[in-house]
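**Q** The sequence shown begins at 139 in my numbering and counts up by one.
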Amino acid sequence: MKLLYNNPEVKSITTKFLIMSLVVMIFLFIFMKIEINNFKNLYIEQNTALAGKILSKHPSLKDDLIPIFTKGASKEEISIGKLTLSKYNLNNYKDYIYEKPMDTYYKSLFLKSSLLSILILFVFYLIIICDYKNVFFKIRNISNAAEQIVNGNFAIKLDENDEGDFSILNHHFHEMAKRLKNSIERLKKDKLFLKNIISDISHQLKTPLSSLILFNDMLLTKDNLDLNVKKDFLQKSSEQLSRMEWLIINLLKLARVEGGAITFNKIESPIYKTLEQSIAPLLIKADEKKQDIIINSDKDILLKHDTNWSAEALSNIIKNSIEHTPCNGMISITTDESPLYVQIFIKDTGIGISPDDLPKIFDRFYKSKTQSNPNSIGIGLSLSKAIIEGQGGNITVESSLNHGTEFCITFLKHII
């Protein structure tokens, strides 16, 4: 009940009802006072006529009659009067004496009461109609807002600053519109993402598939091919198949991460162990180029993160540094901790990145002008960025030609 009276509509009609009740009471008081005066006048006129009639014929009765009008009749006088009237068969004298004047009076009273009642009911009707008009106006506004949303217009504005259920409804309607808008935008984004990913996969698979078809046709149609040539074709086919396998696996990973299909298992664990896990599969490749990978990190730094996915993201960045760092180079990995964040720095002594390429290195399938690996696809850094940002992190890069590259990964300890 208390919640009901929080509504301004209920407050309004209650206030109007109380005011109207007070006005009606005042009107009824005035009306009853007037009617009592009318009845009193009727009674006086009736008694005046009676006294005048008697005294005009019997003046000697004035001393007995006038005190009855001025002081009132005693019980004895009333009894004598009834007895006297009964002798003339006027036991129901009231029906005869007051029938005509009272009938006229009651008709007048009934008419006035009916008119007053109709007037009061009409005023009440107008008040209720006005309040209902206000309620239906608010309902129409919500209905129009819903129609605008159906037509794709989410720039709706409903009043939610007042008290009551309508303001609460308007607030929830706005929230629903925002969520619906975000859902539609996300669906559009997912549709565009799916379109782009299919296009990228088709484009990236086109070249190795063409090579495989060519090698296969030559092996099938050329019966006199030298054994070494056949082995060379088979070796190249194997390389293309491996490239396609790696491409498909990583594209699926990227699609799952960017599409929000991955739920990261974030647990608080030492970042040092994740760094060790990330460089483990790259040590052989680094040894081949006689490169040093140095980890300079406090083993006690704890970070809430998904160790496996984070290790893969870091591994792709370190792999990129190995590929772009000459033999006998160095890749250093350092960490920094504050009460707010944990940072990971991956720095190499490689060839660096040109200013033109720097803003694009995280784009899917982008290859820089200084790319030294012809088999590189350009998906590793894009996947790393998606994994890091999917866990609430951030990645930036600084580089200049011939002066190496430094990646900075930042994870907030408490996301606000």
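The C-beta atom is built at its ideal place from N, Cα and C for all residues, glycine as well.
How about Ser522 and Ile417: are their beta carbons less than 7 Å apart?
**A** Going by C-beta atoms, Ser522 is not nearer than 7 Å to Ile417.
**Q** Between which two residues does the alpha helix (DSSP H) holding Asn458 run?
**A** Looking at the DSSP string, the run of the alpha helix (DSSP H) that includes Asn458 is Thr445 to Glu461.
**Q** Taking only the alpha-carbon atoms, compute the straight-line gap between Thr345 and Gly488 and give it to the nearest angstrom.
**A** Those two C-alpha atoms are separated by around 29 Å.
**Q** Within a Cβ cutoff of 7 Å, which residues of the same chain sit near Pro497, ignoring the five residues on either side of it in sequence?
**A** There are no such residues.
**Q** Which residue or residues does DSSP assign as beta-bridge partners of Gly531?
**A** Answer by DSSP bridge pairing, in chain order: Phe549.
**Q** Quick check on this structure: which residue in Glu183, Met163, Ile525 and Thr548 has the alpha carbon closest to the alpha carbon of Gly397?
**A** For the residues Glu183, Met163, Ile525 and Thr548, the minimum Cα distance to Gly397 belongs to Ile525.
**Q** Rounded to whole angstroms, how far is the Cβ of Gly518 from the Cβ of Phe503, which I believe are closer than 8 Å?
**A** At roughly 11 Å, the Cβ-Cβ gap does not stay under 8 Å, so Gly518 and Phe503 are not in contact.
**Q** Cα-Cα, which of Asp430, Arg317 and Asn446 is closest to Gly568?
**A** In the structure as shown, the chain starts at 139 and stops at 554, and residue 568 therefore has no counterpart that could be examined.
**Q** Closer than 8 Å by C-beta to Lys250: which residues in its own chain qualify, once you throw out the five before and the five after it? Chain order, please.
**A** Excluding positions up to five away in sequence, the list reads Phe169 and Glu173.
**Q** Drop a sphere of 10 angstroms on the beta-carbon of Leu389, count the other beta-carbons inside from all chains shown, and report buried for 16 or more, exposed for fewer.
**A** Under this definition Leu389 is a buried residue.
**Q** Just how far apart, CA to CA, sit Val261 and Asn185?
**A** Cα to Cα, the separation comes out at about 41 Å.
**Q** Under the three-state reduction of DSSP, which class applies to Asn434: helix, strand or coil?
**A** The answer is strand: DSSP assigns Asn434 an E or B state.
**Q** Does the distance from the CB of Ile484 to the CB of Ile499 come in under 7 Å?
**A** Cβ atoms of Ile484 and Ile499: not closer than 7 Å.
**Q** How many whole angstroms separate the CB atoms of Leu350 and Gln373, which I take to be in contact at a CB cut-off of 8 Å?
**A** Not confirmed; about 13 Å, so no contact.
**Q** With the cut-off set at 7 Å, would you say Ser459 and Asp486 are in Cβ contact?
**A** Yes, these two residues count as a Cβ contact at 7 Å.
**Q** When you compare only the Cα positions, how much space is there between Ile320 and Ile294?
**A** Sequence inspection shows Asn at residue 320; the Ile mentioned does not correspond to that position. Cα to Cα, Asn320 sits roughly 15 Å from Ile294.
**Q** With a floor of 4 residues, list each alpha helix (DSSP H) that falls wholly inside the region 178 to 213, ordered by position along the chain.
**A** The qualifying runs are 200 to 209.
**Q** Please report how far the alpha carbon of Thr473 lies from the alpha carbon of Glu414, in whole angstroms.
**A** When rounded, the distance between both Cα atoms is 13 Å.
**Q** Among all the DSSP beta bridges, which residues are the ones paired with Ile128?
**A** In the structure displayed, the chain extends from 139 to 554; residue 128 sits before or after that span and is not available.
**Q** Can you tell me whether DSSP reads Tyr479 as helix, strand or coil?
**A** Here Tyr479 sits in strand by DSSP.
**Q** So, with DSSP's three-state summary, where would you put Glu301?
**A** DSSP places Glu301 in coil when its eight states are reduced to three.
**Q** Give every residue of the same chain whose Cβ lies closer than 8 Å to the Cβ of Ile266, excluding the five residues on either side of it in the sequence, and list them in chain order.
**A** Excluding residues within five positions, the ones whose Cβ falls inside 8 Å are Ile151.
**Q** Can you look up Lys97 in the DSSP assignment and give me helix, strand or coil?
**A** Residue 97 cannot be examined here, being either before or after the span of the chain that is shown, 139 to 554.
**Q** Give every residue of the same chain whose Cβ lies closer than 6 Å to the Cβ of Val162, excluding the five residues on either side of it in the sequence, and list them in chain order.
**A** These residues qualify, in order along the chain: Ile258.
**Q** Could you check if Ala451 is buried or exposed, using at least 16 other CB atoms within 10 Å of its CB as the buried criterion?
**A** With 16 or more other Cβ atoms within 10 Å, it is buried.
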